[in-house]
Structures are given as C-alpha cells and as structure tokens.
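The structure appears right after this line, and notes come after that.
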Amino acid sequence: MSPAEPATGGLSTAGVDGPAEAVYRLVLGEGTVSVGRVAEALGLDEHEAGARLEELRAAGLINRGASDGRFAAVDPRVSLRAVAERAEAGLTRLRAAIPVLAEVFESRDGADRPGASVRVLVGADAVGAAYNRLEHEAVEEFLAFDRPPYVLAPLNPLEPAVIARGVRWRAVYAAASLDRPGAWDEIGRAIGFGEQARITAELPVKLAIADRRSAIVSTRLDAERPEAILTDSAPLVSLLCDVFEERWQQAADIPRTWSSGRVAVTAGSRGPSGEERTLLAFFAAGAKDEVIARELHISPRTVRRRGQLLLRRLGAANRFQAGAQAVRRGWI
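To convert, take the position in the sequence shown, counting from 1, and add 18; that gives the numbering used here.
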C-alpha cells in the first residue's frame, strides 16, 4: 500500500476523505511520522498536514505519542474492523427507520388529519409555528440542531423563558451558523441563559426535539419554501434522538466561559489577552479565517499571523491542538 497510490475512497465510511487517506497510507508505510514529514512527503503546508493527522486520530486509525508528538498507525486489522462494525450498526438503524419513513411518505395525502402521528409542514409560517409549539410544550429537555437557512430570527426570544422554567437545553451548531454577523455574540448570550452548546463541521438537517416525545425535522432546506415533518411517532422520535446524541458526542464543546469573558490563569503562567482568548475560542470551534476577521474587525492575514504566534506559544502543531490545549488550561 504505497502513499503514492491514488486514494480509493475506501475509507469514506470512517469519515476519511481522499487527502486524509493519502496521509493514512503514508503513516502505515513509514511506521511513525511527524507533521513536518507528512507535509514534506505530500506537498502540504503544516497546518493542513496536522489537520489531516488529527482527522485520522479522531477516526481511531492512528495514535499520537505523548512525549515526541509523532503519529503511529493503529493495527488496521483492529481499527478498520471497529470502523466496519460501526458502519454496520448505522445501516441496521437505517433499515429500522425505513417503515417509519415510509409512513411519512404515505402521510402526505392526509397530512393534516386529526391525530396523525406525522404531519408534513410546508412554508416558513408552518415550520416556524411548529418549532415554537415544541418550545412551549417542553417540560424537561429541548434538543436542537442549528444550521442555515433560518425560518425564524436566529436569536430565539423564547429560549431564556424555556430554560428559566427548568428545561435542559442542548444545541449543536454547524460551522455555517457562524457565518452570520453577530452569530458568536448570540451564541454567547444563549450560553449565558443556560444553554449547553457544541459545534461541528456540518449538520445534515435542522432538528428540534421536545422531551423525547415530539420532534420537527427538516425535509427541504429552502429559505423561500422550507418543508419539515412534525411527529410524535415513538420510533421516529427515538431514531432522531439517537442521531442527536451521536452528533453531540462528536461535536466540540463551546465553553461556558465564552459568555462571561472570564479567563482562568494557572499559577506561575501568563494567561492570554482578551483578543488571544477570543482567537483560541474561534480555533477550538473550527471557525473560518473570514468569520474570525469579521467578528474581530481585523484582516484575515492578521488572523493567520496572530494564530501562528499562538501556536508557537502553546507548542501546538495546528489550530485544533491550540484550541484543545487552551480548553485544558482553562483559558477559554
């Protein structure tokens, strides 16, 4: 298995794309590698090489040494077997969902019949009203996927009242949610109200679940004419809860200190400045340079320059590591 061979896409089930597969082949062939070696061998910059290595580590395919920071492959007979088993479990869940989703398909002719366990919603007004209904009905827990396009104004006026009455609110944000001006401030305020928030690269659907009994999930992501289904079907709601929990476990935490501006400094060390703390929080969440620059009113070039200074200060190979170290140190 030579790293020079073209990627086959065979690892896509593990969430590994073509460029990352080329890195994996290199690690398998050489035994242990550094970020610099990967960058040199595959013609990548060190930031990209480090990100690809961390992608493979997240998939459980390689390990990173604690002392020297070099990466080594996990025996593929073990790691890839685990990947295959997870994929098979996912297919089993998908097959179990087929009858439930068939009910959704067949419900269109009688979508609004009284007592229907699944209703098809068409248009911003219908979808928005159903979302608000779930907020009002929630007593114990509210789960949400946040991603564009938006039917309602992104800053949710009902959320503080829902949380205030004791509802546990958890939200996973897609990285694209940060592309709106002021999005970080809005998320910070929501965390201040008591929301538990995490962020991930992307989300497949928009989703809200109230008390694991009722759910709304998008079926057409169109700002002009969105479509969704509202359901209290126990099998379908259970499936959607599993989807939420899986994404929640994979997503990166947005620290509660993001809303308060507090910075914890360990004894004998100089903590970050306010701007450095903000940069590290953006790095931990995987925000794009353009988004960071807009929020901080600086240029993308300045973001990259200051980011490199922070990486050197933290001894991190890439932004992901810098953000993770900042969280461990209590800086963000």
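Quick reminder that beta carbons are idealized off the backbone N, C-alpha and C, glycines included. All values derive from a computational prediction rather than experimental measurement.
Beta-bridge partners of residue i, as assigned by DSSP
{"i": "R104", "result": "According to DSSP, R104 bridges with nothing at all."}
{"i": "N81", "result": "A90"}
{"i": "L248", "result": "R137, I234"}
{"i": "V190", "result": "F163, R216"}
{"i": "L225", "result": "F163, V235"}
{"i": "T50", "result": "A90"}
{"i": "D18", "result": "Residue 18 falls outside the range modelled here, since the chain spans only 19 to 350, and no answer is possible."}
N- and C-terminal bounds of the beta strand (DSSP E) containing residue i
{"i": "D203", "result": "Looking at the DSSP string, D203 is not in any beta strand (DSSP E); the run it does join, the alpha helix (DSSP H), is 201-211."}
{"i": "W266", "result": "Premise fails: W266 lies in the alpha helix (DSSP H), 252-268, not in any beta strand (DSSP E)."}
Top-ranked residue by Cα proximity to residue i, from the options
{"i": "A334", "options": "V96, L98, F301", "result": "F301"}
{"i": "E242", "options": "A311, S256, A144", "result": "A144"}
{"i": "P244", "options": "F89, N81, L225, W202", "result": "L225"}
{"i": "R265", "options": "L161, A142, E313", "result": "L161"}
{"i": "Y149", "options": "P37, P290, R324, S236", "result": "S236"}
{"i": "D260", "options": "G61, E73, A299, L112", "result": "L112"}
{"i": "A102", "options": "S85, G36, L79", "result": "L79"}
{"i": "L98", "options": "R137, L74, S135", "result": "L74"}
{"i": "G212", "options": "K306, E293, E177, R312", "result": "E177"}
{"i": "L254", "options": "P117, H315, R330, I272", "result": "P117"}
{"i": "P166", "options": "R238, A114, A270", "result": "R238"}
{"i": "R151", "options": "R82, E204, S85, S232", "result": "S232"}
{"i": "A38", "options": "G61, A182, L71", "result": "L71"}
{"i": "R43", "options": "H65, E64, N174, D93", "result": "D93"}
{"i": "P290", "options": "L327, V309, I310, H315", "result": "L327"}
Residue i burial status per 10 Å Cβ neighbour count (16 or more: buried)
{"i": "A340", "result": "buried"}
{"i": "T218", "result": "buried"}
{"i": "G184", "result": "exposed"}
{"i": "Q268", "result": "exposed"}
{"i": "A179", "result": "exposed"}
{"i": "E293", "result": "exposed"}
{"i": "P199", "result": "exposed"}
{"i": "S278", "result": "For S278, the predicted structure reports a pLDDT of 49, less than 50, and the residue's modelled location is therefore unreliable. The matter cannot be settled from this model."}
{"i": "G83", "result": "exposed"}
{"i": "R319", "result": "exposed"}
{"i": "A107", "result": "exposed"}
{"i": "R137", "result": "buried"}
{"i": "A114", "result": "exposed"}
{"i": "A105", "result": "exposed"}
{"i": "A182", "result": "exposed"}
Residue i and residue j closer than 8 angstroms at C-beta
{"i": "L257", "j": "I234", "result": "no"}
{"i": "D229", "j": "E153", "result": "no"}
{"i": "A156", "j": "Y191", "result": "no"}
{"i": "E220", "j": "A193", "result": "yes"}
{"i": "V56", "j": "V41", "result": "yes"}
{"i": "F163", "j": "V223", "result": "yes"}
{"i": "V169", "j": "A208", "result": "no"}
{"i": "A77", "j": "V45", "result": "no"}
{"i": "W187", "j": "L196", "result": "no"}
{"i": "A59", "j": "N336", "result": "no"}
{"i": "L298", "j": "A344", "result": "yes"}
{"i": "T50", "j": "R95", "result": "no"}
{"i": "A246", "j": "L139", "result": "yes"}
{"i": "A322", "j": "D307", "result": "The question names Ala, but residue 322 is Arg in the sequence shown. A contact, by the Cβ cut-off of 8 angstroms."}
{"i": "R312", "j": "W349", "result": "no"}
{"i": "I272", "j": "I227", "result": "no"}
{"i": "G325", "j": "A270", "result": "no"}
{"i": "D250", "j": "S85", "result": "no"}
Residue i, enclosing alpha helix (DSSP H) - first and last residue
{"i": "E177", "result": "177-182"}
{"i": "Y168", "result": "Looking at the DSSP string, Y168 is not in any alpha helix (DSSP H), and its letter there is neither H nor E."}
{"i": "L74", "result": "64-76"}
{"i": "R243", "result": "No alpha helix (DSSP H) contains R243, which DSSP labels as neither H nor E."}
{"i": "P318", "result": "318-332"}
{"i": "H315", "result": "Taken as a continuous stretch (DSSP letters only), H315 belongs to no alpha helix (DSSP H), as it is neither H nor E."}
{"i": "R347", "result": "Run containing R347: none; DSSP gives neither H nor E here."}
{"i": "R151", "result": "142-155"}
Below-8 angstroms beta-carbon distance, residue i vs any chain D residue
{"i": "N336", "result": "Among the protein chains of the structure shown there is no chain D, as only one such chain exists."}
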